[in-house]
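First up is the structure itself, then whatever we jot down about it.
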Amino acid sequence: MSGTQQNKETLDALYADATRIYSTLWSPVVDVDVLAASSHPLRPSCNDEETSECSDDDDVTRHRVGVGSESVGVVPGDADSKPSSSSTPLLPSIPMHSDYHASYLRKHLRNLPKSYGALDASRPWLLYWTTHALAIMGETLDAEFNHDAVKFLATCQTPSGGFGGGPGQLAHMASTYAAVCALATIGTDEALAVVDRHAMASLISSLVVPKERGGGIALQLGGEVDVRGCYTVVAVCKILGIDCDKLNLRDVVVDFVVRSQTYEGGIAGEPGAEAHGGYTFCGVAALVLLGEARRLNLPKLLAWAARRQCDVTGGFNGRTNKLVDACYSFWQAGVFPLLYHVAPELTAQVKALSKVRGPATASAASMPTPMNSHSSAATGVSATPSSEFVADTSAGKLMDMRLHQEMPCDGACAIYSSVASQGWVLACSQLEEGGFRDKPGKARDLYHTCYALSGLSAAQHFRTSDDSAPAISYFGTPLLERTDVMLNILESKAEFARAWVARNPM
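In terms of the UniProt record's numbering, the sequence shown has 415 at position 415, counting the first letter as 1, and numbering is strictly consecutive.
Structure (structure tokens):
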């Protein structure tokens, strides 16, 4: 059998297996047009007569899957769970090859293959991707490696502040973010003490671009200006305890990110460009960290993010009409837990949308009720609730509702399926010999391994408004450590960094 034929048969088998899995997983994505008039602003009406996007196809039966033993049927590993109904599908078992993933990652801690030579200017990234991925799986690193890693990153720090992509290279905020996250992931006093925070603050101040020159934050002196600059400086400041307001970053970041939101609802790298998953995450996370996410059009953003989940695979793409990619299980799906942090602001915007009235609508409101309408004979008031009433009522209940992963109420569907997203990553991105890839047919790499695991962690731990509720793992896979989605380091590491900053103020 030729190699080409063997590869084709392998891909055909993967596709058939994925099709079988997702025929039991997928919850349809909703349309933004029903957001303001829905029974819940984050879980719009899915009445077949109102929107065909939420209805079942003739060729594929789409089952809704929720959370826990009461809505999933049987949660793998829970022998006492009972199906809630005979129509609730059971999830297949998809093993996660944790030992092989750990072995693959550890192999890259000290020595890299020649193919990574092109990433010589991204060495802090390689260290971050590897250590963070191991941390998500609960793997620990020995003290000798941690010490050596800290020493290496110290050689990447420049005298003028920030970190370069390698020893002797110019400081760049992308590699600075990676280095700071790697140091936080190592999680020792020695690691965090490496950073010259005063020089870092000075560097960040020098990267601010005046509004008359376009605004935003450059990634390096004289370098590119895009939303990544806004996110990396805010994230680094939050981890290291640097006051963004003292550096006058707030207005600059907010203005640039808001101007970068497109007509689709997502966020582009810069004003006037195309909305993209990575830039959208960076923009939203930056504003959430600053407490300024209300400045975005949140309903439109939510709808755009939901539409990035593909209805065949359950995975996410990065832009409209593009293919799925495992890394977007974090970059795109991570937007949903970020929006949970600004649920009141989202509620307020949905309520405001319901109150918008044009001249024609105002005129119609003053007209008598038609004789053939469904109305109360006693009061003459229409029995059909107005969109304003529905939106106001549902918005008031928002904080008591889950964003997703619960069994939908009658006539409603989840805004996205985190179950299907996890299934895509496990069935189509994971390799049995260890590591994760972009999609079937691609090679594994450290980048996709890191963000596939980050996406799995975010999905497992984000399901309910009750932060104390236990996380849920699907498909019989192990429960991963919880990542702080805003920073993408473990929550425990972020807490250690905050405690270190409190002990060592600037």
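Using N, Cα and C, we set each Cβ at its ideal position, and we do this for glycine too.
Computed from a predicted model, the values in this text were never measured in an experiment.
Query	Result
Whole angstroms is fine: what's the gap from C244's alpha carbon to F475's?	42 Å
Pairing CB atoms from the segment 433-440 with CB atoms from the segment 314-326, are three or more of them under 8 Å?	yes
Closer than 6 Å by C-beta to I239: which residues in its own chain qualify, once you throw out the five before and the five after it? Chain order, please.	V180, A184 and A497
Taking the runs of the alpha helix (DSSP H) that are 4 residues or longer, which of them lie wholly in the segment 240-298?	250-260 and 277-290
Three or more C-beta pairs under 8 Å: does that hold for the segment 132-141 against the segment 102-119?	yes
Over the uninterrupted alpha helix (DSSP H) stretch that includes A471, give me the two end residues.	Run containing A471: none; DSSP gives neither H nor E here.
Thinking just about the alpha-carbon of each residue, which of I186, K151, G168 and A143 is nearest to the one in T130?	I186
Within 10 angstroms of its Cβ, does N146 collect 16 or more other Cβ (buried), or is it exposed?	buried
Going by DSSP, what residue range makes up the alpha helix (DSSP H) through H101?	S98 to R106
Could you tell me whether the segment 253-263 touches the segment 308-317, using the rule of 3 or more Cβ pairs below 8 Å?	no
Who does Q430 pair with in a DSSP beta bridge?	F436
Taking only the alpha-carbon atoms, compute the straight-line gap between E264 and A305 and give it to the nearest angstrom.	10 Å
So with Cβ pairs under 9 Å, would you call E212 a contact of chain B?	The chain inventory of the structure shown lacks chain B, comprising one protein chain alone.
Could you tell me if residue 542 is buried or exposed, where buried requires 16 or more neighbouring beta carbons within 10 angstroms of its beta carbon?	Residue 542 lies beyond the range of the chain shown here (1 to 506); nothing can be said about it.
Taking the straight line between their C-alpha atoms, what separation do you get for L289 and V234?	7 Å
Can you tell me which of D142, S160 and Y128 puts its alpha carbon nearest to the alpha carbon of L153?	Y128
Using DSSP with H/G/I as helix, E/B as strand and the rest coil, what is G164?	strand
Quick one: what does DSSP say T188 is sitting in, helix, strand or coil?	coil
Quick one: what does DSSP say E483 is sitting in, helix, strand or coil?	First, the amino acid is wrong: residue 483 is Thr here, not Glu. DSSP places T483 in strand when its eight states are reduced to three.
Between which residues of its own chain and A494 is the CB-CB distance below 8 Å, once the five residues before and five after are set aside?	A184, I239, D484 and L487
Am I right that M173 and G162 are in contact with their C-beta atoms under 8 Å? What's the rounded C-beta distance?	7 Å
From the DSSP output, in three-state form, read off A149 for me.	helix
Does the beta-carbon of M200 have 16 or more other beta-carbons within 10 angstroms, so that it is buried, or is it exposed?	buried
Count the other CB atoms within 10 Å of the CB of S454; is the residue buried (16 or more) or exposed (fewer)?	buried
Taking only the alpha-carbon atoms, compute the straight-line gap between R250 and V227 and give it to the nearest angstrom.	14 Å
Quick check on the burial criterion: 16 or more other C-beta atoms within 10 angstroms. Buried or exposed for W500?	buried
DSSP has N317 in a bridge; who is on the other side?	V324
Considering Cα atoms alone, identify which of H461, P159, T176 and L247 is closest to S205.	L247
Measuring straight from C-alpha to C-alpha, what distance separates E292 and L192?	28 Å
Checking 9 Å against the spacing of the C-beta atoms, do Q157 and V194 come in under that value?	yes
Tell whether a beta-carbon distance below 9 Å holds between H461 and R482.	yes
Quick one: give me the first and last residue of the alpha helix (DSSP H) that F496 is part of.	E491 to R503
Looking at the secondary structure, which residues open and close the alpha helix (DSSP H) in which G455 lies?	L446 to H461
In angstroms with no decimal places, state the Cα-to-Cα distance between L221 and S175.	14 Å
Excluding five sequence neighbours on each side, which residues of the same chain lie with their C-beta closer than 6 Å to the C-beta of P271?	R259 and S260
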